[in-house]
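S.K.: Please find one structure pasted underneath; my questions will follow.
Numbering (the working numbering), first residue to last: 309 to 659.
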């Protein structure tokens, strides 16, 4: 009976490997690209995205003034700051020219935060790094994408668990196996932990992010659907640098600004998204008319973000264990590709 069960699970494991293999390869590769997107943008288009630290970086106020001087017809939707590991990457500004839609994000502006000059402007559709990052999250496909990626994630979990079962069931016969098979088994044991962690957290993140977006709990999604009368306040709008100072002082130390948007026609509030070095996220809203903190939102959601959900992205990215954890997660993503290829070679040899 045990041998029959083992044979069934072996067939299931192989079927799952072929079924979700391409998905795993894509998610592993695109996840690494998403984590290293600023470095890759520098590498692929250095003239557009690489900057030199010749002066202190521009503050939120200086970015706003510089863009309005150099691109006066652009509505700034939001600003994305380079990661902690890529200080030589340009600031990315999302915006547009639709006078009836202050949330228009159809244009991307690369801005040199040290020289305070616009480097380039192009369509949102341009750039393979950004496209792959979006595809990794499957957000382009709406509810259908969430369902598909969740199903594929569950199948990936089954593949990893069945692989672990076979590893322990056949460990006594390891010495009789060819070298490639032994390497595949050993690597599979280690990488299965990566797959289970990444798949489980990825599934929960996809479902919870979609639920937050559709239920109105996502701070950023709410921001992108607001209108404002701040334009009528004129010089009564709180200075962007003052708003930033208020926001960062409301949080523990070691916070890095990841993205922000200005109060004005876009929204009555300033929005700041911060990450610490373990990738725990906090969003802060500051009232643009009086500088008071509207709210501090763990995980970027209006409620429930300070519970287990707070740990999802740090674990998913590996940064929960610090910088070395993030590096190991990226390395595991690369090794997954070679591991799957070795499995295909072993199957072909046997057949």
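Just so you know, even glycine gets a beta-carbon here, dropped at the ideal spot from N, CA and C.
So who's on the other strand from residue 642, going by DSSP bridges?
M.R.: Its beta-bridge partners do not exist; DSSP assigns none.
S.K.: Is the Cβ-Cβ distance between residue 549 and residue 367 less than 8 Å?
M.R.: The answer is yes: Cβ separation under 8 Å.
S.K.: At what residue ranges does the region 441 to 528 contain a whole run of the alpha helix (DSSP H), taking only runs of 4 or more?
M.R.: Fully enclosed alpha helix (DSSP H) runs of 4 or longer: 450 to 477 and 487 to 523.
S.K.: Kindly identify the DSSP beta-bridge partner or partners of residue 404.
M.R.: Bridge partners of residue 404: 383.
S.K.: Are the beta-carbon atoms belonging to residue 662 and residue 566 less than 8 Å from one another?
M.R.: The structure shown does not extend to residue 662, since the chain is modelled only from 309 through 659, so no value can be given for it.
S.K.: Pull up the DSSP beta-bridge partners for residue 606, would you.
M.R.: According to DSSP, which records beta bridges pairwise, residue 606 is partnered with 590.
S.K.: For residue 372, collect the residues of the same chain with a Cβ closer than 8 Å to its Cβ; drop the 5 residues on either side in sequence, then sort them by chain order.
M.R.: Correct list, in chain order: 384, 548 and 570.
S.K.: What first and last residue would you give for the beta strand (DSSP E) that runs through residue 415?
M.R.: Note, residue 415: beta strand (DSSP E), 415 to 420.
S.K.: Taking residue 445 as the reference, which of 609, 337 and 561 has the closest Cα?
M.R.: Checked all of 609, 337 and 561; the closest Cα to residue 445 is 337.
S.K.: Given this structure, state the Cα-to-Cα distance separating residue 452 from residue 496, to the nearest angstrom.
M.R.: Computed Cα separation, rounded: 31 Å.
S.K.: Reducing DSSP to helix, strand and coil, say where residue 291 ends up.
M.R.: In the structure as shown, the chain begins at 309 and stops at 659. Residue 291 is therefore absent and cannot be evaluated.
S.K.: With a threshold of 8 Å, are at least 3 pairs of Cβ atoms found where one atom belongs to the region 472 to 484 and the other to the region 581 to 597?
M.R.: Verdict: no, contact absent.
S.K.: For the alpha helix (DSSP H) that contains residue 348, what are its first and last residues?
M.R.: Note, residue 348: alpha helix (DSSP H), 345 to 352.
S.K.: Thinking C-alpha only, which one of 440, 562 and 652 is nearest residue 329?
M.R.: Answer by Cα proximity: 652.
S.K.: Give the secondary structure of residue 532 by DSSP, where H, G and I count as helix, E and B as strand, and everything else as coil.
M.R.: Coil, per DSSP.
S.K.: What first and last residue would you give for the alpha helix (DSSP H) that runs through residue 551?
M.R.: Counting along the chain, the alpha helix (DSSP H) containing residue 551 begins and ends at 548 to 557.
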